[in-house]
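A.B. asks: Its first residue numbered 215, the sequence shown is counted upward by one per residue in the numbering used here. Ideal Cβ positions, reconstructed from N, Cα and C, are used throughout, including at glycine.
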Amino acid sequence: MILIMLGPPGAGKGTQAKRLEDRYGLANLSTGDMLRAAVKEGTEVGKKAKAVIDAGQLVSDETIIDIVDEAIGMLGSDRGFILDGVPRTTVQADGLSRILDRRNKSLDHVIEVKVDDDLLAERITGRYTCATCGAGYHDKFQPPKEDGVCDVCGSSEFTRRSDDTEETVRARLKAYYDETAPLIDYYSERALLRSVDGMADIDDVTRQLEAILS
Ligand code: AMP
């Protein structure tokens, strides 16, 4: 199974992708995670991407198509995967289609996670993760049970993404509506698009996804 999670930043794509990864044994290919890892490692791609990410803009299509091609190439040929945060432009969508054709693979679903605009900024600026195990939290919507202590591993160290600031969020939402939202029509015309209500609570969104995938 190959699926794309489509939706604005803060829609909950990453949270749901992690759940589907466990539930269906899919690989989770998040270009945001790959780029953040490249920044941390200080690779050439990471050095170029850092300023672009912190400005809330999009990394070049060429770079993205290359890293996706490489990531898919590293999976076993039968392994299904979720594309989280990619494609984000029609050029990337065309590039992905060529990558899949070359490997005799095809997309099964493109799932749009729909969320009202006014909730997105609040979701993004309040989110953080455990620095040790990566569990996700939110200042308002999902605080740990004990203040300052991770529910999952007990660590007291947390991190926030450098691009989860109010200023950068505005640029990221603009990039989404200008560059990525046209993919809704792109995949709808190809009869691949399904939607879930991302305003529902996390478990309910997962149930909506499972209903589509099973
Ligand atoms: P994300 O973790 O998906 O929110 O991505 C974080 C940032 O990485 C984005 O704001 C972009 O700067 C960059 N990025 C991630 N995926 C892509 C992509 N498919 N195309 C262009 N830039 C991307």
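What number of angstroms, rounded off, separates the C-alpha of valine 329 from the C-alpha of aspartate 361?
C.D. replies: Along the sequence shown, read from residue 1 onward, the residue named residue 329 stands at position 115. Along the sequence shown, read from residue 1 onward, the residue named residue 361 stands at position 147. Cα-Cα distance, rounded: 28 Å.
A.B. asks: Among Thr303, Ala241, Ser291, Arg293, which one has its Cα closest to the Cα of glutamine 271?
C.D. replies: Counted from its first residue, the sequence shown places residue 271 at position 57. The option with the nearest alpha carbon to glutamine 271 is Thr303.
A.B. asks: Let me know if valine 282 comes out buried or exposed under the rule of 16 or more other beta-carbons within 10 Å of its beta-carbon.
C.D. replies: By 1-based counting over the sequence shown, the position of residue 282 is 68. The residue in question, valine 282, is buried, as its Cβ has 16 or more Cβ neighbours within 10 Å.
A.B. asks: Quick one: does the C-beta of arginine 386 sit closer than 6 Å to a heavy atom of ligand 1?
C.D. replies: Within the sequence shown, the letter at position 172 stands for residue 386. Checking every heavy atom of ligand 1 against the Cβ of arginine 386, one is found closer than 6 Å.
A.B. asks: Under the DSSP definition of a beta bridge, which residues are partnered with phenylalanine 295?
C.D. replies: Counting from 1 along the sequence shown, the entry for residue 295 is found at position 81. For phenylalanine 295, which the question treats as bridged, DSSP gives the partners Ile216, Ala241.
A.B. asks: For my contact list, leucine 243 and aspartate 315 are in at a C-beta cut-off of 8 Å; report their separation, rounded to the angstrom.
C.D. replies: Counted from its first residue, the sequence shown places residue 243 at position 29. Counted from its first residue, the sequence shown places residue 315 at position 101. That pair is no contact at about 18 Å.
A.B. asks: With valine 253 and glycine 246 assumed to form a contact (beta carbons below 8 Å), what rounded beta-carbon distance in angstroms separates them?
C.D. replies: Here residue 253 refers to the residue found at position 39 of the sequence shown. Here residue 246 refers to the residue found at position 32 of the sequence shown. About 11 Å; that fails the 8 Å criterion.
A.B. asks: With distances taken Cα to Cα, identify the nearest neighbour of alanine 345 among Cys367, Asp353, Asp399.
C.D. replies: One-based indexing of the sequence shown puts residue 345 at position 131. Among Cys367, Asp353, Asp399, the Cα nearest to that of alanine 345 belongs to Cys367.
A.B. asks: Return the CA-CA distance between leucine 217 and threonine 339, expressed in angstroms with no decimal places.
C.D. replies: Position 3 of the sequence shown, counted from the first residue, corresponds to residue 217. Position 125 of the sequence shown, counted from the first residue, corresponds to residue 339. Computed Cα separation, rounded: 27 Å.
A.B. asks: Between the beta-carbon of alanine 307 and the beta-carbon of leucine 406, is there less than 7 Å?
C.D. replies: Taking the sequence shown and counting its residues from 1, the one referred to as residue 307 is at position 93. Taking the sequence shown and counting its residues from 1, the one referred to as residue 406 is at position 192. Going by C-beta atoms, alanine 307 is not nearer than 7 Å to leucine 406.
A.B. asks: Measure the alpha-carbon distance for threonine 394 versus threonine 229 and round it to whole angstroms.
C.D. replies: If you number the sequence shown from 1, residue 394 lands on position 180. If you number the sequence shown from 1, residue 229 lands on position 15. Taking the straight line from one Cα to the other gives about 19 Å.
A.B. asks: I'd like the ranges of any alpha helix (DSSP H) spanning at least 4 consecutive residues and lying wholly in the stretch 263-295.
C.D. replies: Counting only runs of 4 or more, we get 275-288.
A.B. asks: Got a sec? Which residues, its chain only, sit under 6 Å from tyrosine 342 by beta carbon, not counting five neighbours each side?
C.D. replies: Taking the sequence shown and counting its residues from 1, the one referred to as residue 342 is at position 128. Excluding residues within five positions, the ones whose Cβ falls inside 6 Å are Tyr351, Phe372, Arg374.
A.B. asks: Is the beta carbon of aspartate 275 closer than 7 Å to that of valine 305?
C.D. replies: Position 91 of the sequence shown, counted from the start, is the residue given in the question as residue 305. Position 61 of the sequence shown, counted from the start, is the residue given in the question as residue 275. It is a contact, given that the beta carbons lie within the stated cut-off.
A.B. asks: By DSSP's criteria, serine 409 is part of a beta bridge. Which residues make up the other side?
C.D. replies: Taking the sequence shown and counting its residues from 1, one reaches residue 409 at position 195. Serine 409 pairs with Glu326.
A.B. asks: Where does threonine 343 sit, in a helix, a strand or coil, going by DSSP?
C.D. replies: Translated into positions along the sequence shown, residue 343 becomes position 129. Note: threonine 343 maps to strand in three-state DSSP.
A.B. asks: Using the C-alpha atoms, what's the distance from alanine 241 back to arginine 293?
C.D. replies: Within the sequence shown, the letter at position 79 stands for residue 293. Within the sequence shown, the letter at position 27 stands for residue 241. The alpha-carbon atoms of arginine 293 and alanine 241 are separated by roughly 7 Å.
A.B. asks: Comparing C-alpha positions only, which one of Met215, Leu334, Arg250, Thr257 sits nearest to arginine 237?
C.D. replies: Within the sequence shown, numbered from 1, the residue matching residue 237 stands at position 23. Nearest C-alpha to arginine 237: Met215.
A.B. asks: When you compare only the Cα positions, how much space is there between aspartate 392 and leucine 321?
C.D. replies: Here the question's residue 392 lines up with position 178 in the sequence shown. Here the question's residue 321 lines up with position 107 in the sequence shown. Answer to the nearest angstrom: the Cα atoms are 24 Å apart.
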